[in-house]
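Chemist: Mind looking over this structure? Questions follow.
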Amino acid sequence: MELGSITEFLNNKSILVIGAAGFLAKSIVPSQKKFISSRLTNLFFVEKILRVQPKVKKLMGFESAITSYMKDYGSKRARMFGWPNTYVFTKAMGEMLLVHYSRDTVPLVIIRPTMVTSTYQEPFPGWIEGVRTIDGVAVGYAKGNLKHLTFNPKLTVDVIPADMVINALIMAMVECANRSTTSEIIYHVGSSLRNPFKFSNFQELSMRYFVQNPLIDKDGKPIKVGEFTAFSSMASFRIYTAICYSLPLKV
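If you number the sequence shown the way UniProt numbering does, the last residue is 251 and the count never jumps.
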């Protein structure tokens, strides 16, 4: 599909995209736009409570208590229905509802990206908001806190840059609008088939980058990093920690 035909189709159109929250949503909208803080969610919640019970005077432990309770409750509910966590459970529910209510009435396209990482090109290379997914491993290693890891070096880590996900989403919208049928279509957006990324690549690239570009510690000194100690199983990891850490403490 040519870029010119895509931009021509989208010109002067209003497109509703749901589910692209936070990081991906900000990758769609130009960075100079203003965004509503996620903190406003609590304000909307309070406003709804006051509609039902206007005389309420205190909301004791509102944010922390409700968040903690819902986290535990949500995890139990997800596992009860066969899902490992609330993240994939709610995504599955959302897809099922969309398919149910849009069938034979509204064209529907669903995008399922794999592990979304920092951008490849737009708005600039390497942009990301916060620490998410595999980024936590890289940051822990760069800070010198993560020296051992249980992984298979030959295992493929299916990651995809955020701007590539957005490009796929835009193309899918145009293709969906040009289809004659209203049946739903699902796109899996990943990299493992065309450009597989192995854990061994992650290990090598992380070490190379942070040796050349070390983080600075609180004393202003560069943090030295070494090579990951890789373990193929949790059993071998436990044996290693028992010999190298637990036993010396007991002697």
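All residues carry an ideal CB built from backbone N, CA and C; glycine is no exception.
This one's a predicted model, so the numbers in the text were calculated from it and none came from an experiment.
Taking the C-alpha atoms as reference points, what is the distance between Ser232 and Ile185?
Modeler: 38 Å
Chemist: Under the assumption that Ala172 contacts Ile111 (Cβ atoms under 8 Å), give the Cβ distance between them as a whole number of angstroms.
Modeler: 6 Å
Chemist: As an exercise, report each continuous alpha helix (DSSP H) stretch of at least 4 residues that is fully enclosed by the stretch 150-222, in chain order.
Modeler: 162-178, 199-212
Chemist: Using DSSP's beta-bridge definition, name the partner residues of Ala230.
Modeler: Leu149
Chemist: Can you check which of these residues, Asp217, Val225, Val88, is closest to Arg208 by C-alpha distance?
Modeler: Of the candidates Asp217, Val225, Val88, the one whose C-alpha sits nearest the C-alpha of Arg208 is Val225.
Chemist: Could you tell me which of Thr90, Ile170, Leu249 sits nearest to Glu8, measuring between CA atoms?
Modeler: Ile170
Chemist: Applying the 10 Å Cβ sphere with the 16-neighbour rule, what's the burial state of Ser236?
Modeler: exposed
Chemist: Beta-carbon within less than 8 Å of Asn152's beta-carbon, same chain only, minus the 5 sequence neighbours each way: which residues are those?
Modeler: Phe199, Ser232
Chemist: Cutting at 7 Å between CB atoms, please list the residues of its own chain near Lys143, excluding the five before and the five after it.
Modeler: Within the same chain, Lys143 has close Cβ partners Leu215, Ile223.
Chemist: Contact defined as beta carbons within less than 8 Å: I believe Ala230 pairs with Leu149. What is the distance between those atoms, to the nearest angstrom?
Modeler: 6 Å
Chemist: Between Pro161, Tyr245, Pro107, which has its C-alpha nearest Ile128's C-alpha?
Modeler: Pro161
Chemist: Around the Cβ of Gly126, are there at least 16 other Cβ atoms within 10 angstroms (buried) or fewer (exposed)?
Modeler: Exposed, by the Cβ-count rule.
Chemist: State the Cα-Cα distance for the pair Met234 and Thr241, rounded to the nearest angstrom.
Modeler: 10 Å
Chemist: Any idea if Val165 is buried or exposed, counting beta-carbon neighbours within 10 angstroms, 16 or more meaning buried?
Modeler: buried
Chemist: Identify whether Thr117 lies in helix, strand or coil by the three-state DSSP scheme.
Modeler: Residue state, collapsed to three classes: strand.
Chemist: With H, G and I counted as helix, E and B as strand and the rest as coil, what does DSSP make of Arg77?
Modeler: helix
Chemist: Identify, in the order they occur along the chain, each residue of the same chain with its Cβ nearer than 8 Å to the Cβ of residue 296, setting aside the five sequence neighbours on each side.
Modeler: Only positions 1 to 251 of the chain appear in the structure, and residue 296 is not among them; the question remains open.
Chemist: Would you mind working out which of Asn11, Ala78, Thr86, Thr114 sits nearest His188, comparing C-alpha positions?
Modeler: Ranking Asn11, Ala78, Thr86, Thr114 by Cα distance to His188 puts Thr114 first.
Chemist: Using a Cβ-Cβ cutoff of less than 8 Å, which residues in the same chain neighbour Val116 once the five nearest sequence positions on both sides are dropped?
Modeler: Phe23, Leu24, Arg132, Thr133, Val159, Ile160, Pro161, Ala162, Val165
Chemist: Give a yes or no on whether the C-beta atoms belonging to Thr86 and Ala92 are separated by under 7 Å.
Modeler: no
Chemist: So the alpha helix (DSSP H) Thr105 belongs to, where does it begin and stop?
Modeler: Here Thr105 belongs to no alpha helix (DSSP H), and DSSP marks it neither H nor E.
Chemist: Take Phe89 and list the residues in its own chain whose beta-carbon comes closer than 7 Å to its own, dropping the five residues that flank it on each side.
Modeler: Taking C-beta separations shorter than 7 Å and ignoring five residues to either side along the sequence, the partners of Phe89 in its chain run Ala78, Phe81, Trp83, following chain order.
Chemist: Leaving aside the five residues before and after Arg179 along the sequence, list all residues of the same chain whose C-beta is less than 7 Å from its C-beta, in chain order.
Modeler: Pro107
Chemist: In its own chain, which residues sit with a C-beta less than 6 Å from the C-beta of Thr119, not counting the 5 before and 5 after it?
Modeler: Trp127, Pro161, Ala162, Asp163
Chemist: Check whether the Cβ atoms of Ser206 and Tyr101 lie closer than 7 Å to each other.
Modeler: no
Chemist: Just to confirm before moving on: does the CB-CB distance between Phe197 and Val157 stay below 7 Å?
Modeler: yes
Chemist: Assuming contact is defined by CB atoms lying nearer than 7 Å, are Phe228 and Gln212 in contact in what I supplied?
Modeler: no
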